[in-house]
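Shown next, in structure tokens, is the structure this report addresses.
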Amino acid sequence: MAAIPAMSAQTISPGEMQLLLSRSGLILNPGQVADLVLAWRQVEGLIASIPHDRPLADDMALTFRLPTPSPLATPARPATKAKAKLPVQVKAKPKAKVKAKSAKRRAVVSPPRKGTRRGR
Amino acid sequence: MTARTVPLLTIAEAGRLIATKKLSPVELVKEHLARIEAIDPQLNSFLLVNERHALTAARAAERAVMAGRSTPLLGIPVAYKDIYETAGMRTTAQSRILADNVPERDAETVRRLAAEGAVAIGKLATHEFAIGGPAFDLPWPPARNPWDTRRYTGGSSSGSGAAVAAGLTLGALGSDTGGSIRLPAAYCGIAGIKPTPGLVSRRGVIPLAPSLDTAGPMAWTAMDCAILLDALAGPDPLDPASVPGPKVSYAAAAVAPIRGMRVGVLRRFYEHDVPASPEMLQMMNRTIATFRSLGCRVEDASLPSVQEYNAVGRVIISAEAYALHEATLKKRLADYSRVFRVRVLAGALIRAADYIAAQRRRGDLIAATARAFERFDVLITAPTAGTPPLLTEQRPDDGFSRPLLTTVANVAAVPSMVVCGGFTPAGLPLGLEIIGPAWGDATVLRFGHHFEQAAGTRIRRPEL
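Chains X and W, in that order, give the protein sequences.
If you use numbering that gives the first Met the number 0, the first sequence closes out at 119, no skipped numbers anywhere.
If you use numbering that gives the first Met the number 0, the second sequence closes out at 463, no skipped numbers anywhere.
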């Protein structure tokens, strides 16, 4: 039951980031590296907060089996008295404000255009 | 938008009217298409509206009604987050990477809703690949909140939340890896459920992080979510994570009384871990009073901190999302949005040992959460710190720097839903999150339904 020491959060420099990136195969411009440094500092802290010093024999498998579904878990008896509201009276929505059919609204299977949908 | 018009019906109401031949599916769909045309330019909730397909399906539904067929979803307009594959209909994940992607097959969930007679009217906005958003450097603008169009919808099922709240569709499907169904439900004032993992097939839904991804319904009410879940739930032999869940009618179960049931309040979550606004604290106090008035026993409950669940969830999401996108990132990095790059590229640097440590810790958190349900039937919390923030306040690194209350249920592998808990004096919605034990989806829906009925939060609609 040996334990593995926990990690500690460290702050990565842009130079160290470039070193790590060289192994990942990613080619980033300086702005993208700066973004990644900021994001990685956050992720590094999250990783450091997760315990790493667990007993070696702690896990038999990295799978999580949920309890078997049981009828008790989902009481499905409908209440005899409870009834949903009756449907409201339907009024047709006035169409005056709605424009007539437009080619803009037709379904398209086509590439999007910048800032537009449906060709708008 | 004060008068009730056809598009502002619920699924339950419209289904009853269609079944009794008082409402034509063709007229219902036409009303929604017209409403989309009139209102959606303010919201950007639809990426694509498929009018021809929708009207064809609506006519088929009308013929089926006249022939005596009746199902709760027959003729009901629905729309899909644009990560659901739809045969012959463009599926982009709101990304340049898939801008021309037209799938050959429907996602299993899309197929199931169509088999029940639901009418697909289009595809809805999402954060890029369900994580990169809101982004302003993509070909499509981000969705806007119908309660105040300057504000954020929540994400990543952003279009689903906005379109349902605005009455542009009666139901929508979203996906939830860290809160992506429940955050838009909270900020847009609707209902949405992240089911127990394995209950709803994810086949044909573009993945983000397969360990945590779930697909689920979003609608105006908890009852409507239950009706949709009745059609969606069930084993899919071609989804390796699919599990034969309990055989239950979720819609029938939702109306069963909750008197005498036990509600645990995760008070530390929203008072300490992610401190809530005064308005949200008041809403939670009103919620507790509402459940007591319904005959529930309400006590404080405790789980590990929100930060612990989030650390595990964020490391898993970053590592898995990067692994899925690595090959494309190396070829087309500049085609992704900046938000996507910030949130996913860090996954390139996560060591296997750190990823496995997160998965092992997840096992502890699943067990700790399950123990809480020995004392309680459901747990409740605020799903957000407060009202929807302004779109311009969103930061690319939000996913790492601000823990999400909703991620708890993803990491814990339990069902969780958000319903509208109330409104601020300024008229902005506040969500309420209800978490159940694994396979307790029906119980969660039941609490959601009774809360909505008792609190009366389903009367008000956005004014657009």
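Every residue, glycine too, gets a C-beta built ideally from N, C-alpha and C.
It should be emphasised that the depicted structure is a prediction, and the values quoted were computed from it without experimental measurement.
Interface residues of chain X facing residue i [CB-CB closer than 7 Å]
i, result
"Q358/W", "L61"
"K329/W", "G24, L25"
"D353/W", "I46"
"F339/W", "Within chain X, no residue comes near F339/W; the closest Cβ sits about 11 Å away, beyond 7 Å."
"K396/W", "The question names Lys, but residue 396/W is Asp in the sequence shown. Residues of chain X passing the Cβ test: L37, A38, Q41."
For residue i, the nearest candidate out of the options (CA to CA)
i, options, result
"R291/W", "A251/W, A453/W, A345/W, M88/W", "A453/W"
"A117/W", "T70/W, A161/W, S159/W, R89/W", "T70/W"
"N28/X", "L182/W, D99/W, A333/W, A347/W", "A333/W"
"A86/W", "E319/W, V64/W, R95/W, V109/W", "V109/W"
"A310/W", "H51/X, G44/X, P13/X, L20/X", "G44/X"
"A214/W", "G430/W, P414/W, V443/W, F450/W", "P414/W"
"M260/W", "A59/W, T55/W, E373/W", "E373/W"
"F399/W", "F375/W, A367/W, R350/W, G346/W", "G346/W"
"L61/X", "A351/W, R201/W, G233/W, T152/W", "A351/W"
"A185/W", "R460/W, A441/W, G430/W, F450/W", "G430/W"
"T442/W", "V204/W, W146/W, A250/W, D81/W", "A250/W"
"R95/W", "E103/W, Y321/W, E127/W", "E127/W"
"A106/W", "R143/W, C187/W, Q93/W, I205/W", "I205/W"
"D212/W", "S317/W, R266/W, G435/W, F339/W", "S317/W"
"T383/W", "A369/W, F268/W, A60/W, E26/W", "F268/W"
"D272/W", "M416/W, R401/W, R51/W", "R401/W"
"C224/W", "C187/W, R459/W, R394/W, M416/W", "M416/W"
"D81/W", "L97/W, G67/W, R68/W", "L97/W"
"I349/W", "P13/X, G14/X, R22/X", "R22/X"
"D396/W", "T386/W, V343/W, R370/W, I355/W", "V343/W"
"E451/W", "N43/W, T289/W, R359/W, A275/W", "T289/W"
"G522/W", "I434/W, P436/W, T456/W, T405/W", "The first residue shown for chain W is 0 and the last is 463, placing residue 522/W beyond what the model contains."
"L228/W", "L237/W, S200/W, I434/W, S210/W", "S200/W"
"R360/W", "T10/X, P54/X, P66/X", "P54/X"
"P209/W", "G132/W, V338/W, L323/W", "L323/W"
Cβ distance (whole Å) where residue i is taken to contact residue j below 8 Å
i, j, result
"L22/W", "L16/W", "4 Å"
"G170/W", "I75/W", "6 Å"
"A240/W", "P194/W", "About 12 Å separates the two Cβ atoms, so there is no contact after all."
"L403/W", "G178/W", "5 Å"
"T91/W", "E84/W", "That pair is no contact at about 11 Å."
"A357/W", "V314/W", "4 Å"
"V262/W", "V407/W", "Contact doesn't hold; Cβ gap of about 16 Å is too wide."
"V242/W", "L198/W", "7 Å"
"E432/W", "R143/W", "Contact doesn't hold; Cβ gap of about 23 Å is too wide."
Neighbourhood of residue i by C-beta distance below 6 Å, restricted to the same chain and skipping five residues each side
i, result
"M467/W", "Absent from the model: residue 467/W. The displayed extent of chain W is 0 to 463, so no value can be given."
"P234/W", "S241, P243"
"N49/W", "M88, G121"
Chain W contact residues for residue i, given Cβ-Cβ distances below 9 Å
i, result
"P50/X", "A356, R359, R360, D363"
"L19/X", "A347, L348"
Close-in-space but distant-in-sequence residues of the same chain around residue i (CB under 7 Å, 5 per side omitted)
i, result
"A230/W", "L72, R111, L112, E115"
"R445/W", "A252, A253, A255, I257"
"L364/W", "P303, E307, Y308, V311, V410, A411"
"I189/W", "G160, V163, A164, M217, A218, W219, C419"
"V28/W", "A53, L54, A57, P76, V118, I120"
"G439/W", "P414"
"T19/W", "none"
"G104/W", "It should be pointed out that residue 104/W corresponds to Arg in this sequence rather than to Gly. Cβ neighbours of R104/W beyond the five flanking positions: E84, A86, G203."
"L463/W", "M0, I38, Q41, P145, A165"
"P245/W", "W438"
"P102/W", "E84, T85, A86, T90"
Close-in-space but distant-in-sequence residues of the same chain around residue i (CB under 8 Å, 5 per side omitted)
i, result
"V264/W", "M283, I287, V297, E298, D299, A300, L378, I379, T380"
"F45/W", "I35, D39, A78, G121, K122, L123, A124, G158, A162, L167"
"P388/W", "R150, Y151"
"K80/X", "Only weak support is given to the placement of K80/X: the predicted model assigns it a pLDDT of 45, under 50, and the value that follows is read from those uncertain coordinates. Correct list: empty, nothing qualifies."
Contact list for residue i against chain X, beta-carbon separation under 8 Å
i, result
"I180/W", "Those within 8 Å of I180/W in chain X number zero; the least Cβ separation is about 19 Å."
"D223/W", "Going along chain X, no residue has its Cβ under 8 Å from D223/W, so there is no contact; the nearest lies around 11 Å."
"A60/W", "Residues of chain X passing the Cβ test: none, with the nearest at roughly 17 Å."
"L463/W", "None at all; the shortest Cβ gap to chain X is about 12 Å."
Chain-ordered neighbours of residue i on chain X, where CB pairs are closer than 9 Å
i, result
"V77/W", "What V77/W touches in chain X: nothing, since even the nearest Cβ is about 15 Å away."
"S400/W", "Q41"
"L378/W", "Simply none; closest approach about 15 Å."
"L390/W", "Residues of chain X passing the Cβ test: none, with the nearest at roughly 15 Å."
Under 7 Å from the C-beta of residue i: neighbouring residues of chain W
i, result
"L55/X", "Going along chain W, no residue has its Cβ under 7 Å from L55/X, so there is no contact; the nearest lies around 11 Å."
Cβ of residue i within 9 Å of any chain A Cβ
i, result
"A425/W", "Among the protein chains of the structure shown, namely X and W, there is no chain A."
**Q.** Residues in the stretch 27 to 44 of chain X having any Cβ partner in chain W nearer than 7 Å
**A.** Q31, D34, L35, L37, A38, W39, Q41, V42
Q: Please name the residues in the stretch 415 to 442 of chain W whose beta-carbon is closer than 9 Å to at least one beta-carbon of chain X, in chain order.
A: G435, P436, A437, W438, G439, D440, A441, T442
Q: Could you list the residues in the stretch 296 to 322 of chain W with a C-beta less than 8 Å from some C-beta on chain X, going in chain order?
A: Q306, E307, N309, A310, V311, R313, V314, S317
Q: Name, going along the chain, the residues of the stretch 160 to 187 of chain W whose beta-carbon falls closer than 9 Å to a beta-carbon of chain X.
A: none
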